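In mature numbering (1 follows the signal peptide of the UniProt record, and there is no 0), the protein residues as written are -25 to -1, 1 to 520.
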């Protein structure tokens, strides 16, 4: 494993001088500007700016200035005045470091490892219909980084188009469940998913774009590597060894981080670019191969990479898919040395309690109105570590439930999803994150599950679309009841959130089903399903008086 880079004294001096300048800046690491339509008020929107700053620099600003432009980068007649918004609800310090590495507290200060602090600013405003609104905010300044020239402003932007095809459009921007600042392991295969959710059901397209210092002001990229131009020094303290770069000598939007696989042998290997990006899901995979072990500001700068993802929203209007909005996600990836740690990941999953396993990247077929049950397991090559599993499934998939076993060396989880019978066909996504307890930095992998929803029963199924049944009371404590669609004595099974059957009942001749579980049945969500799978009821038990 590579452990360090040999840097010339001249370059070190240059970086130190740049670091002295950087220490005076606010060190903004990333951010995004999003918006939501205010219910019941035409053309009224709430805009939210979330920023991330290096908390060894100056404090977060107490206000942020929002600009609203309908004429591109300049104000047009009738555009509202700029609005100064306050910092909302304080701030949050990143918790990616283990407690023993930072004396029991999250690091935040000069001389400590790089860490981030988040802040949020919000403003509400009415925007009359226009072909395009460009909403923006600007902070000063970025820290020195490995891939971007200089320490320019960081510019956040979202686009809203609320007058299209002769009609007024109401839109909500895409929103994200993951953070912008990511610690990534040196020489480790890494996968992150920046999956966004759109409340309007618009089609989302992801792209990697150039960072901006101001409106329509793209920032320049640096040359790749340290040493002879066109080569990366990978000697790592051993015999001299260079890697010849292929695919260009300058960072680009689609290759924003030094990530390569190597072929050949020393003294000259070939570095083959490795940075995968999925435009349908916003996921990226890479392996950082440069790391500076120094702890000065200049050293840390060479481990920071700016990565920007743009999300465009398309809606079908008058039979044509039309761009209705977009948002930019300005991120910072910080390379850290994880030693012998390997990132945790998901093992192949099982569907509907099948004994066969399915690769995580498989598109999972689902029928609207029918329950699908996934059994998931986390795995880690460092088998003594504790792994935690989380998911955004409950936020992004209607009628979904995700239950994890809790942190352990071999964690498991179950994802139950009952797509509404009227859910439109198409692809749906959620992410599952596995995180270990490595020290000093936790290892993390974010992976995407993809579902293809149809409104036609699968060929391997005989059941029609399931009918959801209303259960009363909800939640219940002692007993709960619901009525099947047809009268008659029928069999009904009750399942817990892990997919285990906990009871089997018979309906009354009227079709009514009554469940009165014993005290040994824990509070939580249960699913009742007719034996033919055509009718399903959600039963929520509480232990509250």
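Every residue, glycine too, gets a C-beta built ideally from N, C-alpha and C.
Because the structure is a prediction, the values reported are computed rather than measured.
- The residues 254, 287 and 289, in chain order, have a CB closer than 7 Å to that of residue 180 in the same chain once the five nearest residues on each side in sequence are set aside.
- In this model, residue 47 and residue 134 are separated by some 10 Å (Cα to Cα).
- Note on geometry: alpha-carbon atoms of residue 60 and residue 94 lie some 12 Å from one another.
- Per DSSP, the beta bridge partners of residue 350 are 325 and 389.
- Residue 99: member of the beta strand (DSSP E) spanning 91 to 101, first to last residue.
- Taken through DSSP and simplified to helix, strand or coil, residue 132 comes out as strand.
- Counting the other Cβ atoms within 10 Å of the Cβ of residue 454 gives fewer than 16, which makes it exposed.
- Sequence-distant Cβ neighbours of residue 304 in its own chain, meaning closer than 6 Å and more than five residues away, are 7 and 284.
- Rounded to the nearest whole angstrom, the C-alpha separation of residue 512 and residue 344 is 12 Å.
- Listed as beta-bridge partners of residue 29 by DSSP are 91.
- Per DSSP, residue 273 lies in no beta strand (DSSP E) segment; the continuous alpha helix (DSSP H) that holds it begins and ends at 272 to 276.
- For residue 366, the number of other beta carbons within 10 angstroms of its own is at least 16, and it is reported as buried.
- According to the DSSP assignment, residue 356 belongs to no alpha helix (DSSP H), since it is labelled neither H nor E.
- For the set 375, 245, 314 and 400, the Cα lying nearest the Cα of residue 348 is the one of 375.
- Looking at the backbone, the Cα of residue 101 and that of residue 54 are separated by about 11 Å.
- As computed with DSSP, residue 211 is found in no beta bridge at all.
- Under DSSP, residue 301 takes part in a beta bridge, and its partners are 134 and 287.
- The beta-carbon separation of residue 420 and residue 406, rounded to 10 Å, does not stay under the 8 Å limit for a contact.
- Excluding its 5 nearest sequence neighbours in each direction, residue 312 has C-beta neighbours in its own chain below 7 Å: 161, 266 and 268, listed in chain order.
- Our two residues, residue 224 and residue 314, have alpha carbons roughly 28 Å apart in a direct line.
- Annotation for residue 188: 127, 128, 130 and 194 place their beta carbon closer than 7 Å to its own, counting only its chain and skipping 5 residues before and after.
- By the Cβ rule, the segment 312 to 332 does not count as touching the segment 26 to 37, because fewer than three pairs are nearer than 8 Å.
- For the options 32, 274 and 51, the alpha carbon positioned closest to that of residue 85 is the one of 32.
- At the C-beta level, residue 248 and residue 237 stay beyond 8 Å of one another.
- Of 2, 3, 5 and 10, the smallest CA-CA separation from residue 299 is found for 10.
- Setting aside the 5 residues that flank it on each side, residue 416 is surrounded in the same chain by 71, 72, 158, 311 and 313, each with a C-beta closer than 7 Å to its C-beta; the list follows chain order.
- Taken through DSSP and simplified to helix, strand or coil, residue 460 comes out as coil.
- Per the DSSP secondary-structure output, residue 264 pairs with nothing in a beta bridge.
- Residue 112 carries a strand assignment under DSSP once its states are collapsed to helix, strand and coil.
- Taking all protein chains shown into account, residue 112 has 16 or more neighbouring C-beta atoms within 10 Å of its C-beta and is therefore buried.
- Taken in chain order, the unbroken stretches of beta strand (DSSP E) that lie wholly in the segment 464 to 513 and span 3 residues or more are 466 to 470, 476 to 481, 487 to 490 and 499 to 505.
- In the DSSP assignment, residue 184 falls within the beta strand (DSSP E) that extends over 178 to 184.
- Only exposed fits residue 296, as fewer than 16 other CB atoms lie within 10 angstroms of its CB.
- In the three-state DSSP reduction, residue 370 falls in the helix class (H, G or I).
- Ranked by Cα distance from residue 264, the first of 153, 270 and 211 is 211.
- Excluding its 5 nearest sequence neighbours in each direction, residue 478 has C-beta neighbours in its own chain below 6 Å: 469, listed in chain order.
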